[in-house]
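Have a look at the structure below before the remarks.
Residue numbers (the working numbering), protein chains in the order written: chain X, 108 to 546; chain B, 456 to 948.
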């Protein structure tokens, strides 16, 4: 009897085959009516979608259109951008349908095994209970995963794919696009675009590192200062940076732009004191480091309070016993800072600093508001200024000049750089390696 | 018809006849391409249509758009259609917004912007044959919206007003005794408004000796639209083949360096950091009204902004209307140097020592989006907005110079600006902005070049080394600008 059962489990039931071809049919034959009907409905829905448009959308994904629309004559045609995203959606739907098919076959096989063992197939309520109990993780994650795929992964993949087309410039609707590596050839060639890319990338890395470090040390210094017991009314003083933090960032940026403008208060004070005005934010070469320095300062003004608030909270968690023990051992204040305070803060703040680094790397607003779209007329900057970060250049190329493909290629590069650097720093940080140290 | 009207219509009529490029508009009937493309304009207004209108910021600010839309809705309420203002940036991106239903149905803009989109079919050619305004609008204005397709000329916008730089000043701010000191040719016109050399001399005099105003002439020296004239006067042009060939960029052509030299000279003389910032354009209204400067150059459609600012500074509306003057820009020196000739000589030997200043100009008008679901209702709106009554109202509220001959004639009875502008158009002294897509790449590099040369002048005033101190350096800068534009247009295509 046992032997026969085992043999029956190995042999694939015809019901499973039926389910493989018509979703839910096997379940229906086993008497699992509700589940079978649900699978059948999903099968009908998938069939309807792919016959009605899914297969056409997938074909369109590869061609990106064959008939050009004539907007003047009113003749209809293809829209490459729309075909790309609808094709991508159809491919996602295909994968999703595959997952449902697999779940359906797996379920039919499970029921077949249960039936071969002589067990009664699960009813719908039992199946739901089993899902909620044994596969709670999968059941709970289905909706979020679908949501993430639709609203997060699909747009990202769409953007990545645009980097491999010739969309942009004169190739915008109603003109039809093609798959192409041209955007990458432009970036990686040694021409003006490539040279500008290297210059901007170098400054971008410097900016991200410098602004993250400056904000961190300024915030930490302020927090340390205001946490000193001999500072009177520290709560009062602490409220000032918080007010600066509460003001919308772009208002602060525009304020500083006015302060440092040719006719702004700083230049007025300079001229009133008999000195020459300084071209702080102009596009001339002499303004390069002024503008960069002002950008670092303004961003520190905006971000230091948040670091100060975070470090203030962390500082209050450091046990005073550690400092007392260090004092008994003869440690100087700097040694205490280097050996106790800084490691403790860094341990807690590393993930925050990484996210700040990524944010700083992609800080669009700071130089957009400070310098207002001028481009540098020296050193062969191509549609860029010497303070532009990659994200600003990407904006110039893709929004101002409609070079979508090259913009998408640059954003891919940004993604790779920030992802690699962030992961490398995090994986090598104590916050990751020695997670239990400060518990 | 009054004598003034006749005088005004004569150059307009001559203009129409002297432009062979526009013979098709005036003489030839519509061809098969025109018929096919305009077939959707059946004349049957789409029931319950709402026409989304994207208008000019100044017209919105001064309340004209509200009145226009209210009047249209009242006039067409029996036909069940209405117009609404599209509340978005006046510089929409029709190429990206239109296909997905976000753009306007009707768009008022400068010809270069409308035509940038028309080239890629985002703006529809209008059925000009059916328009009441067809014969009222001179061919030179239609030309700004012309596009050639299979041998036929189509027009992708309906011109409303002519734009170009005019010199604004407040009469009561003129220097004391100017008739004695600054009218050597005794023609009743201050000499400093006749030649730039004299204006430069007056500005230097005011700076040195003071006067009713703090400065003489001040302007936004990094504005490509107004500074372009300095280059064009000495042989520069934007694109070759009548502004249709982007591979031929002519901003450094001829003796364009002379124009660049004079922009730099102005920066050096003004010695004011505010004029090398974009913000000066909007600050100019109060600069004039508060007596910081005697004169500036800007377009006619912002006249109301000056009036408003003057009213806020002690003038009554009527006084401001009388006191604010808008005249032709002065002539430039043949030498291309504002200090080379004696200013009196440039007045007394004007024909020999000066040349009329060319200016960049534009023809603003209405275009209809190719993505509109209600082309006939949109056309009805365009017809309404370009009617005589509406153009006159637009003139009264904004001070625009109408493109329609009948409105121009009526306005010209009391406003000499119309004659000046049409005279300049007639004499080919206004370079209409190019109507091709590549023009979009023009502004940022050009403005950046202007910032470079003007900032260089200010730095030189402080004793720093000049980077554009010689004609060769200026020409090299222009050549570099041309190369940048070429790269911007072609590198990523």
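All C-beta atoms, glycine included, are put in the ideal place defined by N, C-alpha and C.
Only a predicted model underlies this, so the values are computations on that prediction, with no experimental measurement involved.
Between the Cα of residue 763 of chain B and those of B:755, B:776, B:754, spot the shortest distance and give me the residue it belongs to.
What you label residue 763 of chain B is simply residue 308 of the second chain in a count that begins at 1. Nearest option by C-alpha distance: B:776.
Quick one, which of X:493, X:360, X:515, X:526 has its alpha-carbon nearest residue 310 of chain X's?
For this step, residue 310 of chain X is matched to residue 203 along the first chain. Minimum Cα distance to residue 310 of chain X is reached at X:493.
Can you give me, in chain order, the residues of the region 732-743 of chain B that have a beta carbon less than 8 angstroms from any beta carbon in chain X?
732, 733, 734
What does DSSP give as the partner residue(s) for residue 856 of chain B in the beta ladder?
Position 401 of the second chain, counted from the start, is the residue given in the question as residue 856 of chain B. Partner(s): B:617.
Candidates B:641, B:674, B:636, B:675: which alpha carbon is nearest residue 657 of chain B's?
Position 202 of the second chain, counted from the first residue, corresponds to residue 657 of chain B. The option with the nearest alpha carbon to residue 657 of chain B is B:636.
Can you grab the Cα-Cα spacing for the pair residue 501 of chain X / residue 165 of chain X, in whole Å?
Taking the first residue of the first chain as position 1, residue 501 of chain X is located at position 394. Taking the first residue of the first chain as position 1, residue 165 of chain X is located at position 58. So the alpha carbons of these two residues sit roughly 29 angstroms apart.
As assigned by DSSP and simplified to three states, the class of residue 215 of chain X
In the first chain, residue 215 of chain X corresponds to position 108, counting from 1. Residue state, collapsed to three classes: helix.
On the three-state DSSP scale, how would you describe residue 552 of chain B?
Within the second chain, the letter at position 97 stands for residue 552 of chain B. Three-state DSSP puts residue 552 of chain B in a helix.
Using only alpha-carbon positions, find the residue among B:879, B:781, B:498, B:868 that is nearest to residue 816 of chain B.
In the second chain, residue 816 of chain B corresponds to position 361, counting from 1. The option with the nearest alpha carbon to residue 816 of chain B is B:879.
Would you say residue 476 of chain X faces chain B, with C-beta separation under 7 angstroms as the test?
In the first chain, residue 476 of chain X corresponds to position 369, counting from 1. Taking Cβ atoms only, chain B never reaches closer than 7 angstroms to residue 476 of chain X, which makes this a no.
Comparing C-alpha positions only, which one of X:518, X:444, X:209, X:402 sits nearest to residue 313 of chain X?
Numbered from 1 along the first chain, position 206 holds the residue referred to as residue 313 of chain X. Closest by alpha carbon: X:402.
Let me make sure I understand the geometry here. Which of B:746, B:907, B:497 has the alpha-carbon closest to that of residue 661 of chain B?
Taking the first residue of the second chain as position 1, residue 661 of chain B is located at position 206. That would be B:746, whose Cα lies nearest to the Cα of residue 661 of chain B.
If I measure Cβ to Cβ from residue 147 of chain X and keep anything under 8 angstroms in the same chain, skipping five residues before and after, which residues do I get?
On the first chain, position 40 is the one that residue 147 of chain X refers to. Excluding sequence neighbours, residue 147 of chain X sits near 129, 130, 131, 132, 135.
Do residue 373 of chain X and residue 366 of chain X come within 7 angstroms of each other at the CB atom, strictly closer than that value?
Walking along the first chain from the start, residue 366 of chain X turns up at place 259. Walking along the first chain from the start, residue 373 of chain X turns up at place 266. For residue 366 of chain X and residue 373 of chain X, yes; Cβs fall inside 7 angstroms.
Give the secondary structure of residue 701 of chain B by DSSP, where H, G and I count as helix, E and B as strand, and everything else as coil.
Position 246 of the second chain, counted from the first residue, corresponds to residue 701 of chain B. Correct three-state label for residue 701 of chain B: strand.
List in chain order: all unbroken beta strand (DSSP E) runs of 3+ residues lying wholly within the region 122-210 of chain X.
none
Starting from the C-beta of residue 535 of chain B, find all residues in its chain whose C-beta is less than 6 angstroms away, skip the five residues before and the five after it, and write them out in chain order.
One-based indexing of the second chain puts residue 535 of chain B at position 80. Only 502, 503 meet the Cβ criterion.
Select from the region 899-924 of chain B all residues with a C-beta closer than 9 angstroms to any C-beta belonging to chain X, and list them in chain order.
899, 900, 902, 903, 904, 906, 907, 910, 911, 913, 914, 916, 917, 918, 919, 922
State the beta-bridge partners of residue 650 of chain B as determined by DSSP.
Here residue 650 of chain B is taken as the residue at index 195 of the second chain, counted from 1. Answer is B:786, bridged to residue 650 of chain B.
As a quick exercise: from X:499, X:382, X:497, X:433, pick the residue whose alpha carbon is nearest that of residue 918 of chain B.
Translated into the one-based positions of the second chain, residue 918 of chain B becomes position 463. Nearest C-alpha to residue 918 of chain B: X:382.
From the DSSP output, read off the bridge partner residues of residue 253 of chain X.
The count along the first chain starts at 1 and reaches residue 253 of chain X at position 146. DSSP, once it has assigned bridges, lists no residue as partnering residue 253 of chain X.
So what's residue 435 of chain X in DSSP terms, helix, strand or just coil?
For this step, residue 435 of chain X is matched to residue 328 along the first chain. Residue 435 of chain X falls in the helix class under three-state DSSP.
Using DSSP bridges, identify the partner residues of residue 508 of chain B.
For the purposes of this step, residue 508 of chain B is taken as the residue at position 53 of the second chain. Looking at the DSSP assignment, residue 508 of chain B forms a beta bridge with B:540, B:561.
Just to check my reading of the structure: residue 521 of chain B and residue 677 of chain B have Cβ atoms closer than 8 angstroms, yes? What is that Cβ distance to the nearest angstrom?
If you number the second chain from 1, residue 521 of chain B lands on position 66. If you number the second chain from 1, residue 677 of chain B lands on position 222. Not quite, the Cβ-Cβ distance comes to about 33 angstroms (not below 8 angstroms), so this is no contact.
Strand pairing of residue 885 of chain B, partner residues [DSSP]:
The residue labelled residue 885 of chain B in the question sits at position 430 within the second chain. Note: residue 885 of chain B sits in a beta bridge opposite B:814.
What are the residues in the region 367-401 of chain X lying within 7 angstroms of chain B by C-beta distance?
368, 369, 370, 374, 383, 384, 386, 389, 390, 391
Counting contacts by CB-CB distance shorter than 7 angstroms, is residue 405 of chain X in contact with chain B?
As a position in the first chain, residue 405 of chain X is number 298, starting the count at 1. Residue 405 of chain X does not count as touching chain B.
Taking buried to mean at least 16 other C-beta atoms within 10 Å of its own C-beta, is residue 409 of chain X buried or exposed?
The residue given as residue 409 of chain X occupies position 302 in the first chain. Flag for residue 409 of chain X reads buried.
Check whether the region 875-892 of chain B and the region 562-580 of chain B are in contact - that is, three or more C-beta pairs closer than 8 angstroms.
Contact between the region 875-892 of chain B and the region 562-580 of chain B is present: 3 or more CB-CB pairs across the two stretches fall below 8 angstroms.
Three-state class that DSSP yields for residue 801 of chain B in the structure shown:
For the purposes of this step, residue 801 of chain B is taken as residue 346 along the second chain, with counting starting at 1. Note: residue 801 of chain B maps to helix in three-state DSSP.
So what's residue 279 of chain X in DSSP terms, helix, strand or just coil?
Within the first chain, residue 279 of chain X is the residue found at index 172, counting from 1. Reduced to three states, the DSSP call for residue 279 of chain X is coil.
Alpha carbon to alpha carbon, what distance is there between residue 186 of chain X and residue 287 of chain X?
Working through the first chain from its first residue, we reach residue 287 of chain X at position 180. Working through the first chain from its first residue, we reach residue 186 of chain X at position 79. Taking the straight line joining both Cα atoms gives about 17 angstroms.
Whole-angstrom C-beta distance between residue 560 of chain B and residue 827 of chain B, which should lie under 8 angstroms
Taking the first residue of the second chain as position 1, residue 827 of chain B is located at position 372. Taking the first residue of the second chain as position 1, residue 560 of chain B is located at position 105. With a Cβ gap of about 4 angstroms, residue 827 of chain B and residue 560 of chain B count as contacting.
Between residue 405 of chain X and the rest of its own chain, which residues show a CB-CB distance below 8 angstroms, the 5 nearest in sequence each way excluded?
Numbered from its first residue, the first chain carries residue 405 of chain X at position 298. Around residue 405 of chain X: 359, 360, 363, 473, 477.
Report the residue from X:514, X:397, X:541, X:149 whose alpha carbon sits nearest the alpha carbon of residue 293 of chain X.
For the purposes of this step, residue 293 of chain X is taken as the residue at position 186 of the first chain. Selected option, being the one with the closest Cα: X:514.
Partners in chain X for residue 495 of chain B, counting only beta-carbon separations shorter than 7 angstroms:
For the purposes of this step, residue 495 of chain B is identified with residue 40 of the second chain, where counting begins at 1. Under the 7 angstroms cutoff, chain X gives 181.
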